[in-house]
Amino acid sequence: MNEYTYIDIREKPDIKNEAAEWFHGKWGVPAEAYLECMDNYLSGNTEYGWFLCLDGEKIIGGLGVIDNDFHDRKDLTPNVCAVYTDEEYRGQGIAGNLLNLVVEDMRVKGFIPIYLVTDHVGFYERYGWEFVCMVQGDGEPDMTRLYVHR
1 MNEYTYIDIR
11 EKPDIKNEAA
21 EWFHGKWGVP
31 AEAYLECMDN
41 YLSGNTEYGW
51 FLCLDGEKII
61 GGLGVIDNDF
71 HDRKDLTPNV
81 CAVYTDEEYR
91 GQGIAGNLLN
101 LVVEDMRVKG
111 FIPIYLVTDH
121 VGFYERYGWE
131 FVCMVQGDGE
141 PDMTRLYVHR
């Protein structure tokens, strides 16, 4: 099994531009939006963190925390967002490790519960997440699943 490095972006702030582009490439959200969130975190304006998994210097997985992940339940905050592991690295527990890191980070900072939206069924439950309800994504025709970690 490979050894990967998991980091809070505060540990390696010089990677933020590369990380913003990586997330943009996965989700299509403008890199500037990721950079703004990361800059707010790096400057201490928010404690909503950003975490990456690295294989050497290569970003292979990541996620972040924002107020709301583009859904109509603005009262359910903060939200884990942009959870992604590169396809060739899946099935090794990377996303699970990232999820556990962010849950612990938010717990220590007093942000419990935390939420996330996904279309996946059965994945997040393995890491202690519970289905709450269906939510309407901003500009989306279909409802999507909202989970909580307490």
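FYI, the numbering for the sequence shown is 1 to 150, going by our numbering. C-beta atoms are modelled at their ideal positions from N, C-alpha and C, and glycine is treated no differently. Note that this is a predicted model, so its numbers are computed, not measured.
Check	Outcome
Continuous beta strand (DSSP E) assignments of at least 3 residues falling wholly in the stretch 74–134	79–85, 114–118
Nearest-angstrom Cβ-Cβ length linking Leu52 and Gly44, presumed shorter than 8 Å	Actually they are not in contact, since the Cβ atoms of Leu52 and Gly44 sit about 19 Å apart, beyond 8 Å.
Whole-Å CB distance - Val103 paired with Ile114, under 8 Å assumed	7 Å
Cβ-Cβ distance between Gly49 and Asp8 below 7 Å	yes
Simplified DSSP assignment, three categories, for Gly49	coil
Run of the alpha helix (DSSP H) containing Gly61, from where it starts to where it stops	Note, Gly61: premise wrong, no alpha helix (DSSP H); beta strand (DSSP E) at 58–66.
Cβ-Cβ distance between Leu101 and Tyr147 below 7 Å	no
Run of the alpha helix (DSSP H) containing Asp39, from where it starts to where it stops	31–42
Backbone CA spacing between Pro141 and Val135 [nearest angstrom]	11 Å
The alpha helix (DSSP H) enclosing His24, as first and last residue numbers	16–27
Where the beta strand (DSSP E) through Asp138 begins and ends	Element bounds for Asp138: n/a, residue is neither H nor E.
Rounded straight-line distance, which links the Cα of Glu88 to that of Tyr127	21 Å
Selected residue, minimal CA-CA separation from Ile15, among Arg90, Gly56, Thr144	Gly56
Selection from Glu32, Lys74, Arg10 that minimises the alpha carbon distance to Thr46	Arg10
Distance between Leu54 and Ala95 (C-alpha atoms, nearest Å)	12 Å
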